[in-house]
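Trainee: Positions 1 to 345 (full-length UniProt numbering) are the ones given, in order, by the sequence shown. From the three backbone atoms N, C-alpha and C, an ideal C-beta is built for every residue, glycine too. I'd like to ask you about the structure that follows.
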Amino acid sequence: MDRVALDQLARDDLIALLLAQQARIAELERRLGLNSRNSGKPPSSDGRKKPPRVSSLRQPSGKPTGGQPGHPGTTLRRTETPDATIDHYPAVCTGCGEPLSAATAMDQVARQVFDLPEPKPLLVTEHRAHGCRCGACGAQTRAAFPAGLSAPVQYGPRIGAIVLYLLHYQLLPEKRLARLMADLFGVTLAAATIARISRDCATRYAGFVDVVRDLVAAAAVRHMDETGFRIGGRTQWLHIASTLWLTFYRVSPRRGSLLANVVGIVVHDHWKPYYTMSGVLHALCNAHHLRELKALVEIEKEDWAKLAKVPSAQPMECQMRHAACSACCAGPAMPATWRGRKACR
Numbered sequence: 001m002d003r004v005a006l007d008q009l010a011r012d013d014l015i016a017l018l019l020a021q022q023a024r025i026a027e028l029e030r031r032l033g034l035n036s037r038n039s040g041k042p043p044s045s046d047g048r049k050k051p052p053r054v055s056s057l058r059q060p061s062g063k064p065t066g067g068q069p070g071h072p073g074t075t076l077r078r079t080e081t082p083d084a085t086i087d088h089y090p091a092v093c094t095g096c097g098e099p100l101s102a103a104t105a106m107d108q109v110a111r112q113v114f115d116l117p118e119p120k121p122l123l124v125t126e127h128r129a130h131g132c133r134c135g136a137c138g139a140q141t142r143a144a145f146p147a148g149l150s151a152p153v154q155y156g157p158r159i160g161a162i163v164l165y166l167l168h169y170q171l172l173p174e175k176r177l178a179r180l181m182a183d184l185f186g187v188t189l190a191a192a193t194i195a196r197i198s199r200d201c202a203t204r205y206a207g208f209v210d211v212v213r214d215l216v217a218a219a220a221v222r223h224m225d226e227t228g229f230r231i232g233g234r235t236q237w238l239h240i241a242s243t244l245w246l247t248f249y250r251v252s253p254r255r256g257s258l259l260a261n262v263v264g265i266v267v268h269d270h271w272k273p274y275y276t277m278s279g280v281l282h283a284l285c286n287a288h289h290l291r292e293l294k295a296l297v298e299i300e301k302e303d304w305a306k307l308a309k310v311p312s313a314q315p316m317e318c319q320m321r322h323a324a325c326s327a328c329c330a331g332p333a334m335p336a337t338w339r340g341r342k343a344c345r
């Protein structure tokens with residue numbers, strides 16, 4: 001709007017325009033202050049202006065760091081059956097300098113060293129399928145190779161298991177994984193070989209994936225989330241649904257492609273499409289609540305948010321204080337713009 005148009009506005013219209021612009025500026029400034037630690041934004045959105053590392057969102061307990069009384073400790077303990085023993089004997093007497101030998105030993109003090117064994121060359125097992133001629137009819141019959149032996153030379157299941165563990169659990173890139181296998185075991189693996197091992201495993205466990213999906217969908221409580229990533233130059237979405245013991249992963253080109261046939265309670269981050277799921281109860285992620293409260297404290301300087309962070313960080317106390325907390329959050333201490341506002345986005 002130019003100056004001429006502003007001159008033609010009435011006083012009330014100018015005031016309304018100014019208030020609208022102030023609200024817009026405040027909202028834009030608030031957005032500039034949001035990051036992955038005080039909102040639901042992913043860390044990848046922080047860019048080069050990453051916020052400084054801060055302490056955990058958990059409230060201080062007042063207890064010293066480290067193991068607490070009653071916590072079972074773990075330490076390295078000696079074994080009564082060592083794999084190897086090395087005896088050390090003094091060469092000369094410290095009293096008179098006379099030579100000493102094992103025959104003069106009286107006692108010993110032992111110390112144990114736990115270490116990895118030296119890497120060994122690959123164990124090569126040759127399978128020979130013999131052909132035998134029948135003495136009755138003269139026909140020749142050859143033995144069958146064990147299941148899985150389909151090539152003249154191939155890697156065994158242990159190598160495949162290590163590759164899958166390092167690739168999918170430890171998340172090593174293919175090149176670094178190939179280098180590690182070469183350095184430690186002398187195994188030369190091409191990227192295509194690693195990919196084939198992964199595909200073969202996925203094929204074998206196709207039924208297992210279906211079982212996990214059905215168990216997670218039918219569980220009393222499951223957590224759901226999604227994140228975007230690139231495959232072949234296109235954005236895809238990795239959806240997860242997890243219980244205490246199981247996690248179901250699914251890749252879809254659509255972010256809103258949610259798991260079907262879900263019953264019970266769904267814990268999520270307040271993303272609106274989750275509310276389109278029928279026949280479920282919704283529980284909201286407290287980690288997102290704490291980040292939103294952190295934004296209210298840091299950006300909007302709201303004192304009530306400091307009080308709300310305590311029950312949010314302590315679910316048991318939150319249940320006991322629910323009535324009091326609800327009354328507090330509905331009172332005049334909370335700004336009118338935040339009453340009924342969703343904590344997570």
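When you compare the stretch 220–236 with the stretch 180–194, are there three or more beta-carbon pairs, one atom per stretch, that lie closer than 8 angstroms?
Mentor: No contact exists between the stretch 220–236 and the stretch 180–194.
Trainee: Less than 9 angstroms between the beta carbons of A219 and L246, yes or no?
Mentor: Position 219 of the sequence shown, counted from the start, is the residue given in the question as residue 219. Position 246 of the sequence shown, counted from the start, is the residue given in the question as residue 246. Closer than 9 angstroms, so yes.
Trainee: Cα-Cα, which of V216, R111 and D269 is closest to T227?
Mentor: For the purposes of this step, residue 227 is taken as the residue at position 227 of the sequence shown. Nearest C-alpha to T227: D269.
Trainee: Taking 8 angstroms as the threshold, find out whether the stretch 76–85 comes into contact with the stretch 146–157 through three or more Cβ pairs.
Mentor: The stretch 76–85, when compared against the stretch 146–157, does not touch it at the 8 angstroms Cβ threshold.
Trainee: Beta strand (DSSP E) containing V280: first to last residue?
Mentor: Position 280 of the sequence shown, counting from 1, holds the residue named residue 280. V280 -> beta strand (DSSP E) spans V280 to L284.
Trainee: Using DSSP bridges, identify the partner residues of W304.
Mentor: On the sequence shown, position 304 is the one that residue 304 refers to. BP columns for W304 are empty, so no partner.
Trainee: Using only the alpha-carbon positions, how far apart do P117 and P273 sit?
Mentor: Start at 1 with the first residue of the sequence shown, and residue 117 comes out as number 117. Start at 1 with the first residue of the sequence shown, and residue 273 comes out as number 273. So the two alpha carbons sit approximately 53 angstroms from each other.
Trainee: According to DSSP, is residue 427 helix, strand or coil?
Mentor: As shown, the chain starts at 1 and ends at 345. That puts residue 427 outside it, with no answer to give.
Trainee: May I ask you to list the residues that DSSP assigns as paired with T79?
Mentor: Here residue 79 refers to the residue found at position 79 of the sequence shown. Answer is none; T79 lacks a bridge partner.
Trainee: Quick one: grab the DSSP three-state call for A5.
Mentor: Taking the sequence shown and counting its residues from 1, one reaches residue 5 at position 5. In this structure, A5 counts as helix in the three-state DSSP scheme.
Trainee: Skipping 5 residues on each side, what residues in its chain have a beta carbon closer than 8 angstroms to that of A129?
Mentor: On the sequence shown, position 129 is the one that residue 129 refers to. Result list for A129: R142, A143, A144 and F145, in chain order.
Trainee: Determine contact between the stretch 2–10 and the stretch 260–269, defined as no fewer than three beta-carbon pairs at a distance below 8 angstroms.
Mentor: The stretch 2–10 vs the stretch 260–269: no contact.
Trainee: Identify every residue that forms a DSSP beta bridge with Q236.
Mentor: Position 236 of the sequence shown holds residue 236. DSSP lists F229 as partners of Q236.
Trainee: With distance defined between alpha-carbon atoms, name the residue in V263, L293, A161 and V297 nearest to residue 350.
Mentor: Coverage of the chain is limited to positions 1 through 345, which leaves residue 350 absent and any answer about it impossible.
Trainee: Hey, how far is the Cα of D7 from the Cα of I25?
Mentor: For the purposes of this step, residue 7 is identified with residue 7 of the sequence shown, where counting begins at 1. For the purposes of this step, residue 25 is identified with residue 25 of the sequence shown, where counting begins at 1. Using only the alpha carbons, I get a separation of about 22 angstroms.
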